[in-house]
Amino acid sequence: MIQIFTTGGTIEGLDYVDGKGITQSSVTIETFLEKANVDFEYAVESVFKKDSRAIDEKDIQLLVQRIRNANSTKILITHGTFTMEDTAKYIGKLNLKKTIVLVGSFILGSSADTDAPFNLGYAISSLQLLKPDVYIAMNGQVLLWNNVSKNLETNKFERNE
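Mapping of the sequence shown onto UniProt numbering: residues 1 to 161, in sequence order.
What follows is the structure, given as structure tokens:
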């Protein structure tokens, strides 16, 4: 079974007004999975719904607690892209002995031209094949937590050189 923890972000179609208010979205991770007609066992749990710039250490500790308590060894975390690499590094340093993949989108999940379904499908596929560690799956790449950075000019995650 794949345990999916959601934390908010663009992938869920949540738009943050001035970094504070959240506009409502009709899109959920469950919506994407239902539309894709997936055939694997999964559970979705919302840990919090925040712009990733507003995630603090208390939020990360709550997320880590959920990961530790999860019966599954395959964990998918949907996350905003602004601080995704920071969260991956925090969790990666803990060596939790689970396969953990973080994923998000650059275009609102509620938008017609969103990258959310592709990124989500790619992350789920990768999660099923990777060995235990922490990864970011974005832009058609899988990157290890200790060798990733976000390029603000290209809006892509890259391997550190």
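We put the beta carbon where it would ideally sit given N, CA and C, even for glycine.
How would you write the range of the beta strand (DSSP E) that residue i sits in, first residue to last?
{"i": "residue 161", "result": "Element bounds for residue 161: n/a, residue is neither H nor E."}
Of the residues the options, which one's Cα is nearest the Cα of residue i?
{"i": "residue 156", "options": "139, 31, 45, 29", "result": "139"}
{"i": "residue 45", "options": "39, 54, 69, 53", "result": "69"}
{"i": "residue 41", "options": "92, 124, 66, 93", "result": "124"}
{"i": "residue 67", "options": "14, 141, 5, 1", "result": "5"}
{"i": "residue 27", "options": "43, 83, 8", "result": "8"}
{"i": "residue 30", "options": "135, 54, 111, 78", "result": "78"}
{"i": "residue 64", "options": "116, 161, 93, 43", "result": "93"}
{"i": "residue 73", "options": "35, 37, 2, 150", "result": "2"}
{"i": "residue 143", "options": "85, 35, 95", "result": "85"}
{"i": "residue 56", "options": "71, 105, 83", "result": "83"}
{"i": "residue 126", "options": "114, 115, 141", "result": "141"}
{"i": "residue 100", "options": "114, 154, 128", "result": "128"}
Is it the case that the Cβ atoms of residue i and residue j are separated by a distance below 8 Å?
{"i": "residue 51", "j": "residue 80", "result": "yes"}
{"i": "residue 32", "j": "residue 120", "result": "yes"}
{"i": "residue 102", "j": "residue 87", "result": "yes"}
{"i": "residue 108", "j": "residue 13", "result": "yes"}
{"i": "residue 36", "j": "residue 132", "result": "no"}
{"i": "residue 122", "j": "residue 112", "result": "no"}
{"i": "residue 149", "j": "residue 10", "result": "no"}
{"i": "residue 160", "j": "residue 89", "result": "no"}
{"i": "residue 134", "j": "residue 91", "result": "yes"}
ask   = Which runs of the alpha helix (DSSP H) spanning at least 4 residues fall entirely within the UniProt domain "L-asparaginase N-terminal" (2-151), listed in chain order?
value = 29-35, 57-69, 84-92, 116-129
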